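For the working numbering, add 110 to where a residue sits in the sequence shown, where the first one is 1. Even glycine gets a Cβ: it sits at the ideal position worked out from N, Cα and C. Since we're looking at a predicted model, the values are computed, not measured.
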Amino acid sequence: DTPGYNGLEPIQPKYGPIDYLTDRELWRMRALYAASVTFVDKCFGRFMDKLRSYGLLENSLVCLTADHGFELGEHGVTGKMPQRMWKDLHDIPFIIRHPKGLGAGKRFDAFVQGQDFFPTVLEHLEIPLPYAVDGKSVMPIIKGEKAKVRDYATCGFNLNVRAVDGEYSYIATVTGQKPQLRSLRDDPMEREEIAKDNAKVCQR
Numbered sequence: 111d112t113p114g115y116n117g118l119e120p121i122q123p124k125y126g127p128i129d130y131l132t133d134r135e136l137w138r139m140r141a142l143y144a145a146s147v148t149f150v151d152k153c154f155g156r157f158m159d160k161l162r163s164y165g166l167l168e169n170s171l172v173c174l175t176a177d178h179g180f181e182l183g184e185h186g187v188t189g190k191m192p193q194r195m196w197k198d199l200h201d202i203p204f205i206i207r208h209p210k211g212l213g214a215g216k217r218f219d220a221f222v223q224g225q226d227f228f229p230t231v232l233e234h235l236e237i238p239l240p241y242a243v244d245g246k247s248v249m250p251i252i253k254g255e256k257a258k259v260r261d262y263a264t265c266g267f268n269l270n271v272r273a274v275d276g277e278y279s280y281i282a283t284v285t286g287q288k289p290q291l292r293s294l295r296d297d298p299m300e301r302e303e304i305a306k307d308n309a310k311v312c313q314r
């Protein structure tokens, strides 16, 4: 909340540098975003209550995710831009409620990607994977059979690609710009660029 605020209402932020906002306006933007997340959370709770009241949770696999996150000034920009592929955009919810309660209340550190939802649902339904599916079921993680199903995660946005493992985040572009590398252990907010001194890591 922002008590006493009576300035600009940045409901739809520009995609670019935050120099068009004052510190208080930026704080207001973050408050509005948090309010939106809270509203969605409340609506999802009502949705789950309705499924429960109809007895559908007893045989339904419920999956929740999002398409992307949003920059709210963490790196001096707002919005989502291909050349700004930090975790603020790519760390998204990947939530599964199993009808038998498998993995209930647990949070896993394993890398997963959006395309992993489809094979996860197919495995739950005991339907064989089509040969062309580019994804991995996370059911082995939920069942406690494996700690992970992949060693790293990747994603693309226009001409840019991001890859992360347990140590680094790597951002590259097909347009020939220099790649970006950041240490997730030493720099979890991804602020310090270290590609120049870690050529072998970038190559890997």
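Got a sec, what are the start and stop residues for the alpha helix (DSSP H) residue i sits in?
i, result
"G155", "133–163"
"Q313", "309–313"
"I251", "249–252"
"F317", "Outside the displayed range of the chain (111 to 314) lies residue 317, so it cannot be described from this structure."
Tell me which same chain residues have a C-beta within less than 6 Å of the C-beta of residue i, skipping the five on either side of it?
i, result
"P192", "F267, N268, N270"
"L199", "H178, G179, K190"
"K258", "A220"
Which residues in the same chain as residue i place their Cβ atom closer than 8 Å to its Cβ, once the five residues preceding and following it in sequence are excluded?
i, result
"P209", "L167, E168, N169, S170, L171"
"D201", "G179"
"M139", "P120, P123, L131, L182, G183, T188"
What residues in its chain sit with their C-beta under 7 Å from that of residue i, if we drop five residues either side in the sequence?
i, result
"K256", "P250"
"T285", "L269"
"D318", "Past the edges of the chain, shown from 111 to 314, lies residue 318, and the structure says nothing about it."
"I128", "L136, G183, G186, V187, T188"
"K288", "A305"
"M195", "F267, N270, R272, I281"
"H234", "L171, M249"
"D297", "none"
So the beta strand (DSSP E) residue i belongs to, where does it begin and stop?
i, result
"V259", "That residue, V259, is in no beta strand (DSSP E); it is neither H nor E in DSSP."
"T175", "172–175"
To the nearest angstrom, report how far apart residue i and residue j are at their CA atoms.
i, j, result
"E300", "R292", "6 Å"
"G213", "D177", "24 Å"
"T283", "D133", "32 Å"
"G245", "C173", "16 Å"
"R217", "I206", "10 Å"
"C153", "E303", "39 Å"
"A141", "Y164", "35 Å"
"A144", "D151", "10 Å"
"L118", "Y130", "11 Å"
"G254", "Y115", "48 Å"
"Y278", "F204", "21 Å"
"L294", "F149", "31 Å"
"D307", "G211", "47 Å"
"G316", "K160", "The structure shown does not extend to residue 316, since the chain spans only 111 to 314, so no value can be given for it."
Could you tell me whether the Cβ atoms of residue i and residue j are closer together than 7 Å?
i, j, result
"A305", "Q290", "yes"
**Message:** Using 8 Å as the cut-off, can you tell me whether the segment 123–132 makes contact with the segment 180–194, which would need three or more C-beta pairs spanning the two stretches below that distance?
**Reply:** yes
**Message:** Could you check whether the segment 241–249 touches the segment 214–231, counting it as contact only if at least three pairs of C-beta atoms, one from each stretch, sit closer than 8 Å?
**Reply:** yes
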